[in-house]
Amino acid sequence: MTRAGLAALAVVALGLSACSGGDADGGSSELTVFAAASLQRPFEQIANDFEADHPGVTVRFSFAGSSDLAAQLVDGAPADVLATADERTMGTVEDADLVSGSPQTFATNSMTVVVPKDNPAKITSLADLEGDVDLVLCAPQVPCGAAAERVEEASGLTFAPVSEEAKVTGVLGKVASGEADAGIVYVTDAQSSDDVGTVEIPDEDNTTTTYPVATLADSEHRDLADELVAAVLADATGDAEGHLEAAGFAAP
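Quick note, the sequence shown lines up with residues 489 to 740 if you use my numbering.
This is the structure in structure tokens:
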């Protein structure tokens with residue numbers, strides 16, 4: 489869907505949200521959101537705004553690797569909204585008939601190399617990751633790991649990671665603590681940390697990841713879940729606060 493289309497959808501759905509709050513009887517409602525780990529900062533900010541506009545509604549998050557979240561849902565875990573770091577992972581949830589309607593793309597991201605602040609391995613280019621360094625990547629089944637594989641393929645290099653993490657924050661944490669010489673993470677994650685330095689990946693070797701969001705079919709609060717999805721879309725299109733852009737995400 490185009491940016492204009494997303495904006496139109498967001499405006500319509502947010503118009504409905506002005507009349508909504510907690511349960512119809514004045515009680516409280518709790519929305520459970522499964523979201524890719526890379527979304528934590530902007531999604532928590534969007535949720536704070538959403539709760540302020542919806543008295544009696546609480547948004548609870550489970551942040552993890554997208555493939556782990558999808559597996560939990562397929563295994564029966566209850567949730568209201570899902571946001572993944574790639575369309576493939578969302579597709580596995582769609583294939584299980586767990587998505588209400590069609591997922592909407594709300595953001596894109598790209599990759600960068602991260603190193604400890606003192607950069608002990610003296611890494612200055614992507615090619616340096618092929619040398620004798622302790623490299624940490626996400627596992628291949630995780631979107632950030634699949635993206636690192638695309639970088640590897642595009643660059644013609646061969647990576648030999650000493651560890652493969654279940655989510656991007658695991659990579660970032662090991663590099664920030666000095667347990668690893670380098671890692672490949674989303675640009676947004678590198679931007680969120682004061683404890684790492686970055687080495688840019690050339691455009692011709694980089695890759696873009698696409699983030700979709702959807703209401704889940706088994707949600708017990710379908711209308712509120714739809715409104716939260718609309719709030720994410722509004723943030724992405726500039727019709728709301730712009731937390732995603734501030735975190736470094738690009739528009740779809």
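Beta carbons are placed, not taken as given, at the ideal position from N, Cα and C, and that holds for glycine. Note that the structure is predicted; figures quoted are calculated from it, not measured.
May I ask you to report which of helix, strand or coil DSSP gives residue i?
i: T577; result: helix
i: A719; result: helix
i: G514; result: Here G514 scores only 46 on pLDDT, less than 50, and its place in the model is too uncertain to base an answer on.
i: A735; result: coil
i: G726; result: coil
i: L570; result: strand
i: T697; result: strand
i: S707; result: coil
i: S665; result: coil
i: G544; result: coil
i: A584; result: coil
i: A565; result: coil
i: S681; result: coil
i: P530; result: helix
Enumerate in chain order the residues of its own chain whose CB-to-CB distance from residue i is below 7 Å, with the five nearest sequence positions on each side excluded.
i: D683; result: K605 and A664
i: S555; result: T577, Q629 and V630
i: R710; result: S588 and T703
i: E652; result: L625, C626, A627 and G633
i: T676; result: S526, N597, A735, G736 and F737
Please check the pair residue i and residue j, which I expect to be a contact at CB under 8 Å, by giving their CB distance rounded to whole angstroms.
i: D706; j: P566; result: 7 Å
i: I611; j: V687; result: 6 Å
i: V639; j: D693; result: 6 Å
i: V581; j: V562; result: 7 Å
i: G685; j: N607; result: 6 Å
Leaving out the 5 sequence neighbours to the left and right, which residues in its chain are closer than 6 Å to residue i when beta-carbon positions are compared?
i: G553; result: V630, A654 and K655
i: A622; result: The sequence as given places Asp at residue 622; Ala does not occur at that position. The residues are V650, A668 and D669.
i: A635; result: M599, T695 and T697
i: L732; result: P530, A595, D723 and A724
i: G671; result: V602, V624, V659 and V663
i: L609; result: Looking at the sequence itself, residue 609 is Ala, so the reference to Leu does not match. Counting only Cβ-Cβ distances below 6 Å, and skipping sequence neighbours, we find V621 and D669.
i: F522; result: S550, L557, A567 and L570
Within the same chain, show all residues whose beta-carbon is closer than 8 Å to that of residue i, passing over the 5 residues directly before and after it, in chain order.
i: T546; result: S516, S517, E518, L519 and E539
i: V717; result: A501, V569, Q592, V701, A702 and T703
i: S681; result: V602, L660 and A664
Quick check on this structure: which residue in the options has the alpha carbon closest to the alpha carbon of residue i?
i: C632; options: L586, P530, T646 and E575; result: E575
i: A524; options: G544, N536 and Q560; result: Q560
i: S526; options: G726, N607 and L660; result: L660
i: D723; options: F522, D537 and D691; result: D537
i: R548; options: H542, A535 and D541; result: A535
i: A573; options: G564, F551 and D585; result: F551
i: E641; options: K662, L557 and A615; result: A615
i: A713; options: H542, Y699 and P690; result: H542
i: L645; options: L625, E618, G658 and K662; result: E618
i: E729; options: F531, F522 and V521; result: F531
i: A571; options: V603, V720 and E637; result: V720
i: I689; options: V603, S681 and K662; result: V603
i: P740; options: F647, E708 and Y699; result: Y699
Counting only beta-carbon atoms, is residue i nearer than 7 Å to chain B?
i: D574; result: Of the protein chains in this structure there is only one, and it is not chain B.
Worksheet item: Curious, which full-length beta strand (DSSP E) runs of at least 3 residues does the region 607-652 contain?
Response: 623-626
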